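Numbers in my numbering are just positions in the sequence shown, counted from 1, shifted up by 38.
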Amino acid sequence: MGPWGGHHPIATIQDDAGDLNGMSQPTVSLVCKQGALALVAQRAQWIKMPQHDTEQNNIIAGFHSICGFRQVTGAIDCTHIESRKWAVTNATLEIMDIVAHWRGSTHDSRIFNERSLKQRFE
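See below:
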């Protein structure tokens with residue numbers, strides 16, 4: 039038992055996913071781990087900031103078309119699930135940058151200040 043007083047929240051989510059798909063929680067956990075490792079192995083191909091002006095302009099146009107924001111090149115969001123997950127996405131929710139190693143309640147600005155992404159925008 040964890041500090042939540044029952045099953046760990048991730049195990050509970052995996053139980054539910056397993057029930058919906060006819061798999062046990064350990065099987066769901068293994069599939070999630072294998073999926074994460076496969077994503078990590080291919081991260082350079084799929085997780086990247088725009089490399090050229092054309093790519094950046096397409097992202098800016100995407101944000102402008104869905105919400106009228108001007109000159110936006112990425113959206114940052116965080117979540118707390120065991121460790122801090124911090125991601126930058128484009129307008130179609132493709133991940134362009136991700137951090138998953140911060141523990142606890144690290145403020146967004148601290149994560150941003152310690153990323154190479156900050157220097158890129160400066």
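Backbone N, C-alpha and C define an ideal beta-carbon position, used for all residues, glycine too.
On a predicted model such as this, the values are computed, not experimentally measured, just so you know.
Excluding sequence positions up to five before and after H102, its CB lies within less than 8 Å of the CB of R108, V110, all in the same chain and listed in chain order. I85 is positioned such that its CB atom lies no closer than 7 Å to that of I149. Distance between T127 and G100, taken at the CA atoms: about 11 Å. Within the same chain, and ignoring the five residues on either side of I51 in sequence, no residue has its Cβ closer than 6 Å to its Cβ. DSSP places A129 in the coil class of the three-state scheme, outside both helix and strand. Counting the other Cβ atoms within 10 Å of the Cβ of A76 gives fewer than 16, which makes it exposed. Following the DSSP letters along the chain, one finds S62 in no alpha helix (DSSP H), marked with neither H nor E. If you ignore the 5 residues before and after D53, its C-beta comes within less than 7 Å of the C-beta of Q63, all in its own chain and listed in chain order.
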